[in-house]
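Quick notes on the structure that follows.
Numbering (the numbering used here), first residue to last: 1200 to 1939.
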């Protein structure tokens, strides 16, 4: 028999444990962030105070985790539209140095580089890939090694970046350090060897010729570019360097087989500063077959010291989506800020970016995007035969977008979605420029009429709904390769994008959501019905297992279980925004609200367990998180900046806010049971504005005097229709409009 004190002690411990669980699970509200700054945007949801608190803290948590340290955002291109969607309406949001996020984003968008052909740079981190593209694939990544396919030489013992993991495994090959320098042939200069991470050469005036080692051939298809990273002691002492080559049937080098390197876009400020020079070879008709040797010729006009960091072949890792992203993000920026100075500086850059999509990417010719780049024809870099045997195709399937393992390309719906949206976005800006001559924004040779842009967008929409739609499955395929094969792994993100960007017809949009809601089962899919939302916060990225359609470096997809990779049955939290937006647009606010409440319930559970990493630790819920250096099936934190978009469904969806160039449209559609929705405040044209909507009324409160009158387009009172009326607010105060 237990003694009474022990019984009492056990009872007390059990009571304490029960109380602890209650406090941790509810009373302590673990999702609350203690450092939300005064004036930062918050939500109020009548009848749902806890959900409002969860979403408000979600908003701050994910902004805080990625806010820029300085006065501008990073230039990485792929997430600029995501950040524009999530951040530009925020009030009280500043960067690490106190710059308002709106100002920071404006600086960033103006700083994005566009090359002479009109291509918008990707602005990715350091790598030995295409300087204007994605940081992989690399020359080192063909299956079984690069011999006879690609090549590179890195003139340092401690090679930086991802290639180091490859070249360090090949000790017998002279790919790095002094061994690499010794293997080359030099004419017109004296080699001083590898010193301080570069191959140093001294030369008098004349041509310095550096020739690749004998016996190292490359495949022209796998080498559409080469890159030379080098330096000079005297920056005024050289002509334009060039490359010449010998094919298997050639006896010697020839000026007929010559391509000049591009010169650096920005000259180094100091001598001996490293320059990156690329030579584009795929457009030369004699760059074909097996290339046996190459030589670099540096024409020097005076004596100089030359430093060579590296020379390597380069895959075309450019992205098809950069140009429309710049247009769409800039359109959002101007809509939220009304920054006419920005529009003056940016408009011709946007026009050039669109012309690139219309011409180089085939938009005008085909009424959809057809990717012309080498390695981007939509064919997979991996082929699996009926018996399971693999055939590897180096150079194929190179990524075109965010989904960097998937071989989008050829006839590309993902890129066509954004092309369609960018046409409409630029049409909107062009129209506003013409309607507001007081802005004095340039027109000129690059300008296109709004009507022609909209007419072309309508044709793109018609063609895409016909070409990419699968009647049997009732959804869009992702792409069609140049041999005519259609690729469909149940790409939820492609289909939801088609609704967000206005490309999907009304009938097709309803069919897409019927599929996601499990109203029908698609034969051959691995995820159907409720399992499509297996990860709770949003749909799987794909609903059919993919073990055969990938970029060529991804050589063993079957080694990762279904759902263990974001791009194969996993999910990205941020893209739940597009799911909810599509539901609100097609099925109505009740459907969007249901998903939002499911997300807040999941968020509550996550923070009750200690946060995202703790909740998924060790794969206890079926997978782990990708990001921050770890691999996994779910993209939620760290580099997944798009997560911040989720609460914006209250802005763009339920409040129906659309920042047009010269007015803010507010068209609320609230779900049943939500008495009132309020954002307190948001920032519009530099002013803090509180907006509250119910079924009966819309209230707009300007919390400060705006610098210029603010124009709002709101539902016409008592009209019972979708008609809008404009109101202008010039001072601090409250404006209430009765809707019924």
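Idealized CB from N, CA, C, for every residue including glycine. Bear in mind that the values here come from a model prediction, so they are computed numbers and not experimental data.
First through last residue of the alpha helix (DSSP H) which encompasses residue 1535: Along the chain shown, read from residue 1 onward, the residue named residue 1535 stands at position 336. Where residue 1535 is concerned, the enclosing alpha helix (DSSP H) stretches over 1521-1536.
Whether residue 1367 touches residue 1387 by CB criterion (8 Å): Against the chain shown, residue 1367 aligns to sequence position 168. Against the chain shown, residue 1387 aligns to sequence position 188. Against a cut-off of 8 Å, the Cβ pair of residue 1387 and residue 1367 comes out as no contact.
Cβ separation of residue 1352 and residue 1476, assumed to be a contact under 8 Å, to the nearest whole Å: In the chain shown, counting from the first residue as 1, residue 1352 sits at position 153. In the chain shown, counting from the first residue as 1, residue 1476 sits at position 277. Taking a contact as a CB-CB distance under 8 Å, the pair residue 1352 and residue 1476 does not count as one, their CB atoms being some 15 Å apart.
Length of the line joining the Cα atoms of residue 1655 and residue 1742: Position 456 of the chain shown, counted from the first residue, corresponds to residue 1655. Position 543 of the chain shown, counted from the first residue, corresponds to residue 1742. Take the alpha-carbon of residue 1655 and the one of residue 1742: they are about 33 Å apart.
Within the region 1230-1292, ranges of the alpha helix (DSSP H) (whole runs, at least 4 residues): Within the region 1230-1292, the complete alpha helix (DSSP H) runs of at least 4 residues are 1248-1263 and 1279-1286.
Alpha helix (DSSP H) segments (min. 4 residues) lying fully within the region 1800-1858: You should have 1811-1814.
Same chain only: Cβ atoms within 7 Å of residue 1203, ignoring 5 sequence neighbours per side: Sequence index remark: in the chain shown, residue 1203 carries index 4 (1-based). With a pLDDT of only 38 at residue 1203, under 50, the local geometry of the prediction cannot be trusted, and the value read off the model is given with reservation. Excluding residues within five positions, none has a Cβ falling inside 7 Å.
Among 1359, 1922, 1242 and 1305, nearest to residue 1540 - alpha-carbon criterion: In the chain shown, residue 1540 corresponds to position 341, counting from 1. Among 1359, 1922, 1242 and 1305, the Cα nearest to that of residue 1540 belongs to 1305.
Inter-residue spacing [alpha-carbon to alpha-carbon] between residue 1544 and residue 1290: If you number the chain shown from 1, residue 1544 lands on position 345. If you number the chain shown from 1, residue 1290 lands on position 91. Their backbone Cα atoms lie some 25 Å apart in a straight line.
Own chain partners of residue 1308 with C-beta closer than 8 Å, once the 5 adjacent residues on each side are dropped: Taking the first residue of the chain shown as 1, we reach residue 1308 at position 109. For residue 1308, where only same-chain residues beyond five positions count, the Cβ hits under 8 Å are 1279, 1525, 1528, 1529, 1532, 1541 and 1545.
DSSP three-state assignment for residue 1721, whether helix, strand or coil: One-based indexing of the chain shown puts residue 1721 at position 522. It is coil, neither helix nor strand.
C-beta atoms of residue 1334 and residue 1320 nearer than 8 Å: Walking along the chain shown from the start, residue 1334 turns up at place 135. Walking along the chain shown from the start, residue 1320 turns up at place 121. Going by C-beta atoms, residue 1334 is not nearer than 8 Å to residue 1320.
Residue 1469 classed as buried or exposed, judged by whether at least 16 other C-beta atoms fall within 10 angstroms: Here residue 1469 refers to the residue found at position 270 when the chain shown is read from its first residue. Burial state of residue 1469 is exposed, judged by a 10 Å Cβ sphere holding fewer than 16 other Cβ atoms.
Three-way DSSP call (helix, strand, coil) for residue 1493 in this model: On the chain shown, position 294 is the one that residue 1493 refers to. Secondary structure of residue 1493 (DSSP, three-state): strand.
Residue 1477, DSSP secondary structure in three states: As a working mapping, residue 1477 is identified with position 278 in the chain shown. Strand.
Residue 1844 burial status per 10 Å Cβ neighbour count (16 or more: buried): Numbered from 1 along the chain shown, position 645 holds the residue referred to as residue 1844. Buried, since its Cβ has 16 or more Cβ neighbours within 10 Å.
Distance cut-off 7 Å: residue 1568 Cβ against heavy atoms of the ligand ZN: As presented, the structure is devoid of all ligands, the ligand ZN included, so that no description of it is given.
Which of helix, strand or coil DSSP assigns to residue 1928: The residue labelled residue 1928 in the question sits at position 729 within the chain shown. Three-state result, residue 1928: strand.
Contact the region 1881-1897 vs the region 1255-1264: 3+ CB pairs below 8 Å: No, the region 1881-1897 is not in contact with the region 1255-1264.
Proximal residues to residue 1394 (C-beta, below 7 Å), its chain only, five neighbours per side dropped: Reading the chain shown from its first residue, position 195 is the one you call residue 1394. Contacts found: none.
Unbroken stretches of the beta strand (DSSP E), 3 residues or longer, contained in the region 1576-1634: List check, beta strand (DSSP E) in window: 1581-1583 and 1589-1591.
N- and C-terminal bounds of the beta strand (DSSP E) containing residue 1386: Locating residue 1386 in the chain shown gives position 187, where the first residue counts as 1. Residues 1384-1386.
Inter-residue spacing [alpha-carbon to alpha-carbon] between residue 1229 and residue 1798: Here residue 1229 corresponds to residue number 30 of the chain shown, with the count starting at 1. Here residue 1798 corresponds to residue number 599 of the chain shown, with the count starting at 1. Take the alpha-carbon of residue 1229 and the one of residue 1798: they are about 16 Å apart.
Proximity of residue 1664 and residue 1704 at Cβ, strictly below 8 Å: Residue 1664 sits at position 465 when you count from the first residue of the chain shown. Residue 1704 sits at position 505 when you count from the first residue of the chain shown. A contact, by the Cβ cut-off of 8 Å.
Rounded straight-line distance, which links the Cα of residue 1589 to that of residue 1826: The residue labelled residue 1826 in the question sits at position 627 within the chain shown. The residue labelled residue 1589 in the question sits at position 390 within the chain shown. The C-alpha of residue 1826 lies about 29 Å from the C-alpha of residue 1589.
Cα-Cα separation between residue 1424 and residue 1833, rounded to whole angstroms: One-based indexing of the chain shown puts residue 1424 at position 225. One-based indexing of the chain shown puts residue 1833 at position 634. Computed Cα separation, rounded: 34 Å.
Best match in 1695, 1643 and 1836 for proximity to residue 1779 [C-alpha to C-alpha]: Looking up residue 1779 in the chain shown gives position 580. Minimum Cα distance to residue 1779 is reached at 1695.
Selection from 1850, 1923 and 1871 that minimises the alpha carbon distance to residue 1888: As a working note, residue 1888 is residue 689 in the chain shown. When only C-alpha atoms are compared, the closest one is 1850.
Under 8 Å between C-beta atoms of residue 1815 and residue 1807: Translated into the one-based positions of the chain shown, residue 1815 becomes position 616. Translated into the one-based positions of the chain shown, residue 1807 becomes position 608. No; because the gap between Cβ atoms is not below 8 Å, this pair is not in contact.
First and last residue of the uninterrupted beta strand (DSSP E) at residue 1508: Looking up residue 1508 in the chain shown gives position 309. Note, residue 1508: beta strand (DSSP E), 1503-1513.
Distance CB(residue 1841)-CB(residue 1774) smaller than 8 Å: Counting from one through the chain shown, the residue named residue 1841 turns up at place 642. Counting from one through the chain shown, the residue named residue 1774 turns up at place 575. In contact: residue 1841 and residue 1774 (Cβ atoms closer than 8 Å).
Status (buried if at least 16 other CB within 10 Å, exposed otherwise) for residue 1267: Numbered from 1 along the chain shown, position 68 holds the residue referred to as residue 1267. Answer is buried; the Cβ neighbour count reaches 16.
Rounded separation between residue 1899 and residue 1603 - CA only: In the chain shown, the residue the question calls residue 1899 occupies position 700. In the chain shown, the residue the question calls residue 1603 occupies position 404. In this structure, the CA atom of residue 1899 is about 43 Å from the CA atom of residue 1603.
First and last residue of the uninterrupted alpha helix (DSSP H) at residue 1456: For the purposes of this step, residue 1456 is identified with residue 257 of the chain shown, where counting begins at 1. In this chain, residue 1456 is not harboured by any alpha helix (DSSP H), its DSSP state being neither H nor E.
Other residues of its chain near residue 1772: CB distance less than 6 Å, five sequence neighbours each side excluded: Position 573 of the chain shown, counted from the first residue, corresponds to residue 1772. Around residue 1772: 1736, 1835 and 1842.
Start-end ranges of the beta strand (DSSP E) lying completely within the region 1350-1406, minimum 3 residues: Runs of the beta strand (DSSP E) spanning 3 or more residues and lying entirely within the region 1350-1406 occur at 1351-1353, 1384-1386, 1389-1394 and 1397-1402, in chain order.
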